[in-house]
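In the working numbering, the protein residues as written are 10 to 227.
Right, here's the structure in full:
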């Protein structure tokens, strides 16, 4: 049986407002000005440290903070609001249902902490439409390392053909290290930094998308 693995943030869901909201909430706690969404660019797709870098660059004269404490507080703030405005991209559920109808297994592999990933997938009912969810833990290095994909395949006892769908260079690198073709969601957070994907698509409503994926699976 074939398998299609999806990244989460910027691939299946738009979580940018909740991530930026948590970062600005934390900034306020430290007496820093909040920043508009556009200032963060694509950093919500790169994680808290990248977003912290934006905050730091915009407060050059006020930065004397314990960055480890700041990130800890950011993650705490995000954990309290990570399902507030986060939503599934249009067409995702229909595509997942079509893949299930075709007998193709699906999974989520994300660098988001696994606890948050499971909570978000449950809240948005994604858990009903995918077969497995793997997030970041202390036991495996995150993407671009292939270890999380290896763990996922082991837990799913999957040894057949697989495809990875994502929006970032880290996703692409992890897929290639796992000898999987990579399909790029061009509207994702960090998609503009990806070069030479095996396949790319604008949105999940593109006619023939599932057929294009299955062509990679043999």
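Backbone N, C-alpha and C fix where the C-beta goes; we use that ideal spot for every residue, glycine too.
Computed from a prediction, not measured in an experiment: that's the story for all the values here.
| query | Under 7 angstroms, do residue 12 and residue 167 count as touching if we go by C-beta distance? | reply | The Cβ-Cβ distance between residue 12 and residue 167 falls below 7 angstroms.
| Helix, strand or coil: which one does DSSP assign to residue 113? | The answer is coil: DSSP assigns residue 113 none of H, G, I, E or B.
| Cβ-Cβ separation, residue 206 to residue 192 (assumed contact under 8 angstroms), whole Å | Separation of the CB atoms of residue 192 and residue 206 is rounded to 7 angstroms, and the pair is thereby assigned contact status at 8 angstroms.
| Buried or exposed: residue 220, going by 16 or more other Cβ atoms within 10 Å of its Cβ? | The residue is exposed, with fewer than 16 neighbouring Cβ atoms inside 10 Å.
| query | Nearest-angstrom Cα distance between residue 127 and residue 142? | reply | Distance between the alpha carbons of residue 127 and residue 142: 7 angstroms.
| field | For residue 179, the three-state DSSP class (helix, strand or coil) | value | In this structure, residue 179 counts as helix in the three-state DSSP scheme.
| query | Does the region 65 to 84 come close enough to the region 40 to 51 that 3 or more CB-CB pairs lie under 8 angstroms? | reply | A contact between stretches requires three or more CB pairs, one per stretch, nearer than 8 angstroms, and the region 40 to 51 meets this requirement with the region 65 to 84.
| message | Is it the case that the region 97 to 115 contacts the region 31 to 39, given that we only count it when at least three CB pairs across the two stretches are under 8 angstroms? | response | Contact fails: fewer than three Cβ-Cβ distances are below 8 angstroms.
| message | Here's the rule I'm using: 16 or more other beta-carbon atoms within 10 Å means buried, otherwise exposed. How should residue 215 be labelled? | response | When all chains shown are included, residue 215 counts as exposed.
| query | Helix, strand or coil: how does DSSP classify residue 166 here? | reply | The answer is coil: DSSP assigns residue 166 none of H, G, I, E or B.
| Can you tell me whether residue 150 is buried or exposed, with buried defined as 16 or more other CB within 10 angstroms of its CB? | So residue 150 ends up on the exposed side.
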